[in-house]
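First comes the structure, then the notes that go with it.
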Amino acid sequence: AYRDHIINEASRLGIEVDMNLTLLEPNVLIGVFIGAMMPFVFCSLSLSAVGRAAGSIIEEVRRQFREIKGLLQGESKADYTTCVALTTKAAQKEMILPSLLAIIAPILTGLLLGVRGEVGLLVGALASGFVLAIMMANAGGAWDNAKKYIEEGNLGGKGSESHKAAVTGDTVGDPFKDTAGPSLNILIKLMSMVSIVFSGLIITYSLFK
């Protein structure tokens, strides 16, 4: 569909575009490598963002325990509004860079490598992103359920070495299945839409026609 759109757009603009989409073409291959890298970079940024946001919440909770008298004993109410505000602020702030990456990468790739590089980028991102998303969803769910399984009394139950390991696994598993995994679907769709929207710009001003 993207190939047909490019052909139609190039015809409308009166520009001849080489659509030799073979992996023997260097621009296509470079685009595939960049695209295959994108989901991993995006997941790295989103997982790091979760860690930083969680850290800020932990610091706020500790501060409230120190400064609000009777909170630890349940005699006073916590300041929930501050925690919610911190979470919202962190969620918006931390996703600026990943969002810009998903928008800028297709435009830069298209301008530097041309339409062939852009097609390679989309193919690489789709191939690696699909596999990575499935892996993260399954691995995160498995780690989460492993902790629940042990807490039911299996494999030593709560307090055992197995439970300690499962808690660590669940700490990683939750961001895997709830944050990084599902967001890859958005990444692939956003990159595809940006490529289509800016196709005219890429065809007109790319270094390689």
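Residues 323 to 531 (the numbering used here) make up the sequence shown, in order.
Glycine included, each C-beta is placed from N, C-alpha and C at the ideal position.
This one's a predicted model, so the numbers in the text were calculated from it and none came from an experiment.
Annotated three-state conformation of Asp-326 is helix, per DSSP. Between Asn-349 and Leu-335, the alpha-carbon positions lie close to 22 Å from each other. DSSP, reduced to helix, strand and coil, places Val-339 outside both helices and strands of the structure shown, so it counts as coil.
Under the 10 Å beta carbon count, Phe-498 is surrounded by 16 or more other beta carbons and is classified as buried.
Pairing Phe-362 with Gly-432 gives a Cβ-Cβ distance that is not under 8 Å.
Fully contained in the region 394-425 are the following alpha helix (DSSP H) runs of length 4 or more, in chain order: 402-416.
Distance between Gly-478 and Asn-460, taken at the CA atoms: about 24 Å. Sequence-distant partners of Ser-368 (beyond 5 residues in either direction) whose C-beta falls short of 7 Å from its own C-beta, in its chain, are Pro-420, Thr-501, Ala-502 and Ser-505. For Ser-517, the enclosing alpha helix (DSSP H) starts and ends at 503-519. Gly-353: member of the alpha helix (DSSP H) spanning 348-389, first to last residue. A distance below 6 Å between beta-carbons, with the five flanking residues on each side excluded, links Gly-495 to the following residues of its chain, in chain order: Gly-462, Trp-465 and Asp-466. For Asp-401 and Arg-384, the gap between their C-alpha atoms comes out near 12 Å. Closest in alpha carbon position to Ser-450, among Leu-509, Glu-331, Gly-396 and Asn-476, is Leu-509.
By the neighbour-count criterion, in which a residue is buried when 16 or more other Cβ atoms sit within 10 angstroms of its Cβ, Ser-366 is exposed.
Contact fails between the region 468-476 and the region 510-519, because fewer than three Cβ pairs, one in each stretch, are under 8 Å apart. Between Ile-328 and Val-437, the alpha-carbon positions lie close to 8 Å from each other. Gly-475 sits in coil when the DSSP states are folded into three classes, being neither helix nor strand. Pairing Val-441 with Gly-377 gives a Cβ-Cβ distance that is not under 8 Å.
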